[in-house]
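Student:
Residue numbers (the working numbering): 325 to 582.
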């Protein structure tokens, strides 16, 4: 990992509602290095998804500075891949055509890269399948492959596994790590799940709510592959949990999934 790819300085975000101004984010300062896997965790309403949308260029109404590769983020673009909570596939297209989207599979370079990505996201044999024939986890893998085909500088993932059962979620975490280790695409991953945050990340960013501020950043200096049952993993999990001590009890239970 080298110099910062993503630079966020003094970021503030407010929303106007019928009850007045709501501050969603306050004083966010954060750098993400090229090739890093960063997870962002915090209770509901702490601004995690808002932060991700600002980085993606989907929300440009804020105070502060957000730069990607040294350039100010002024709007969405193919340099920023975004994976939503639910797969957003074209139901009338097959897996391979969903990945290619507006690119023609008749172009040899597109065909080769689509085939490589299908292999990478473990969908070999499902190239001709339609979204209705896929499980939720498989559909999300198609979404990830489609984003990677555009060679984004950064991949932003907004709780992409939140609707999956525990077994599928664990499998998808392994798949995503395979993708990251093979491509070394910089990733920022929002989650409510502490185990997931520690399992995936080089660093875990912990946000406090109302307004969203960075409470702590915990380095996760574990080698891959990781075992959630290991003593080292559990010690880091406890360290992340401890950063929530000042939150009220209900927020702690919701955030930790306990």
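Glycine included, every Cβ here is placed at the ideal spot set by N, Cα and C.
(1) Is the distance from the Cβ of residue 503 to the Cβ of residue 445 below 9 Å?
(2) Looking at the unbroken alpha helix (DSSP H) that takes in residue 421, where does it start and where does it end?
(3) Which partner residues of residue 536 appear in the DSSP bridge assignment?
(4) Near residue 456, what residues of its chain come up, given a Cβ to Cβ distance below 8 Å and the 5 sequence neighbours on each side ignored?
(5) Which residue wins for smallest C-alpha separation from residue 515, given the options 347, 543, 468, 367?
(6) Starting from residue 365, trace the beta strand (DSSP E) both ways and give me its first and last residue.
(7) My guess is that residue 365 and residue 530 are in contact by the Cβ rule of under 8 Å, so how many angstroms apart are they, rounded?
(8) Excluding the 5 residues flanking residue 600 on each side, which residues of the same chain have their C-beta closer than 8 Å to its C-beta?
(9) Taking the alpha carbon of residue 450 as the point to measure from, which residue in 343, 336, 419 has its own alpha carbon closest?
(10) In whole angstroms, what separates the C-alpha of residue 375 from that of residue 335?
(11) With residue 584 and residue 528 assumed to form a contact (beta carbons below 8 Å), what rounded beta-carbon distance in angstroms separates them?
(12) Report the CB separation of residue 327 from residue 357 in whole angstroms; it is logged as a contact under 8 Å.
Tutor: Reading from the atomic positions:
(1) Stepping through the chain shown from its first residue, residue 503 is reached at position 179. Stepping through the chain shown from its first residue, residue 445 is reached at position 121. Closer than 9 Å, so yes.
(2) By one-based count along the chain shown, residue 421 stands at place 97. Unbroken alpha helix (DSSP H) run through residue 421: 419–424.
(3) Indexing the chain shown from 1 puts residue 536 at position 212. Per DSSP, 349.
(4) Your numbering for residue 456 matches position 132 in the chain shown. Excluding positions up to five away in sequence, the list reads 415.
(5) Residue 515 sits at position 191 when you count from the first residue of the chain shown. Nearest of 347, 543, 468, 367 to residue 515, Cα basis: 367.
(6) If you number the chain shown from 1, residue 365 lands on position 41. That run of the beta strand (DSSP E) goes 361–365.
(7) Taking the first residue of the chain shown as position 1, residue 365 is located at position 41. Taking the first residue of the chain shown as position 1, residue 530 is located at position 206. At roughly 6 Å, the Cβ-Cβ gap stays under 8 Å, so residue 365 and residue 530 are in contact.
(8) The requested residue 600 is not part of the displayed model; the chain covers only 325 to 582.
(9) Reading the chain shown from its first residue, position 126 is the one you call residue 450. Comparing Cα positions, the closest option is 419.
(10) The sequence position of residue 375 within the chain shown is 51, counting from 1. The sequence position of residue 335 within the chain shown is 11, counting from 1. Those two C-alpha atoms are separated by around 9 Å.
(11) Past the boundaries of the shown model lies residue 584; the chain is included only from 325 to 582, so the question cannot be answered.
(12) Reading the chain shown from its first residue, position 3 is the one you call residue 327. Reading the chain shown from its first residue, position 33 is the one you call residue 357. Indeed they touch by this definition, with Cβ atoms about 7 Å apart.
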